[in-house]
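K.L.:
Could you have a look at this structure, given as structure tokens, before my questions?
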Ligand code: DX5
Ligand code: ZN
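Residue numbers (my numbering): 1166 to 1382.
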């Protein structure tokens, strides 16, 4: 078994009892809590912001992986770090030529940083900044909603990025997000992902601990 981390996305949680939901994830063996922050501008949905991250921080010792699907993420980086994020990931599509700068800004706040690419963006868009990243996130759905179908072209991107990471010899994590299920997870891991985001696969399961265990196999 490879060293794979499961990062349940709280987008699929019951927002009216988020504290309990996060505690349940920790009890169920989750390795990371994936926090999907959406602003209704960068994506067509609105979730939550700083206060939610701050309050979740008090309920778990698991690392908080804040996936910012917002425009001008640089405006909020410092406040998400202060709210308790352990890693902040920002989209190439939101930062474009400023991506390297935004990644450095995240690092300067003392938290880990990551670059994200949407399904329509090639790996070449972020190739130069991979050495600056603690994690690279490949979207395998168009961001905005949980429960979508996995887009298979993400597998080639994983292979390409994994090869680059191996060449660099740096301890950079490779995360996949969107449409992961019990059927496709082994292919995703074989393609090089070691951090697996799963929203519906974990939250729709009757037994979350069992679901997390199955995703790791
Ligand atoms: C999509 C989010 C994902 C999503 C994953 O915009 O970034 O984290 O919630 O949910 P599933 O696993 O259901 O595709
Ligand atoms: Zn996400």
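Cβ atoms here follow ideal geometry from the backbone N, Cα and C, with glycine treated the same way.
Between residue 1214 and the rest of its own chain, which residues show a CB-CB distance below 7 Å, the 5 nearest in sequence each way excluded?
P.N.:
The answer, listed in chain order, is 1202.
K.L.:
Please indicate yes or no: does the CB of residue 1366 lie closer than 7 Å to some heavy atom of ligand 1?
P.N.:
yes
K.L.:
Here's a check: name, in chain order, each residue in its chain whose Cβ is nearer than 7 Å to the Cβ of residue 1376, leaving out the five neighbours to either side.
P.N.:
For residue 1376, where only same-chain residues beyond five positions count, the Cβ hits under 7 Å are 1366, 1367, 1370.
K.L.:
For residue 1235, report the span of its beta strand (DSSP E) as first-last.
P.N.:
That residue, residue 1235, is in no beta strand (DSSP E); it is neither H nor E in DSSP.
K.L.:
Once DSSP output is grouped into helix, strand and coil, what is the label at residue 1382?
P.N.:
coil
K.L.:
Between the C-alpha atoms of residue 1230 and residue 1253, what's the straight-line distance to the nearest angstrom?
P.N.:
6 Å
K.L.:
Quick one: what's got a C-beta closer than 8 Å to residue 1306's C-beta in the same chain, skipping five residues either side?
P.N.:
1284, 1313, 1314, 1315, 1316, 1342, 1343, 1344
K.L.:
Going by beta carbon distance, what residues of the same chain come within less than 6 Å of residue 1259, once the five residues before and after it are set aside?
P.N.:
Cβ within range, chain order: 1207, 1236, 1238.
K.L.:
Assuming residue 1250 and residue 1276 are in contact, meaning their beta carbons sit under 8 Å apart, how far apart are those beta carbons, in whole angstroms?
P.N.:
6 Å
K.L.:
Any chance you could list the beta strand (DSSP E) runs of at least 3 consecutive residues sitting entirely within the segment 1250-1338, in chain order?
P.N.:
1252-1256, 1277-1282, 1300-1304
K.L.:
Who are residue 1363's beta bridge partners in DSSP?
P.N.:
DSSP lists 1173 as the bridge partner or partners of residue 1363.
K.L.:
Between the segment 1318-1336 and the segment 1263-1276, do three or more beta carbon pairs fall short of 8 Å?
P.N.:
no
K.L.:
Measure the alpha-carbon distance for residue 1191 versus residue 1381 and round it to whole angstroms.
P.N.:
15 Å
K.L.:
Could you check if residue 1245 belongs to the surroundings of ligand 1, using beta carbon to heavy atom distance under 7 Å?
P.N.:
No.
K.L.:
Who's in the neighbourhood of ligand 2, going by beta-carbon under 5 Å from any heavy atom, listed in chain order?
P.N.:
1201, 1232, 1342
K.L.:
What residue range does the alpha helix (DSSP H) around residue 1218 cover?
P.N.:
1215-1222
K.L.:
Going along the chain, which residues of its own chain have a beta-carbon closer than 6 Å to the beta-carbon of residue 1319, five neighbours each way excluded?
P.N.:
1303, 1305
K.L.:
Answer with buried or exposed for residue 1182, where buried requires no fewer than 16 other C-beta atoms within 10 angstroms of its C-beta.
P.N.:
exposed
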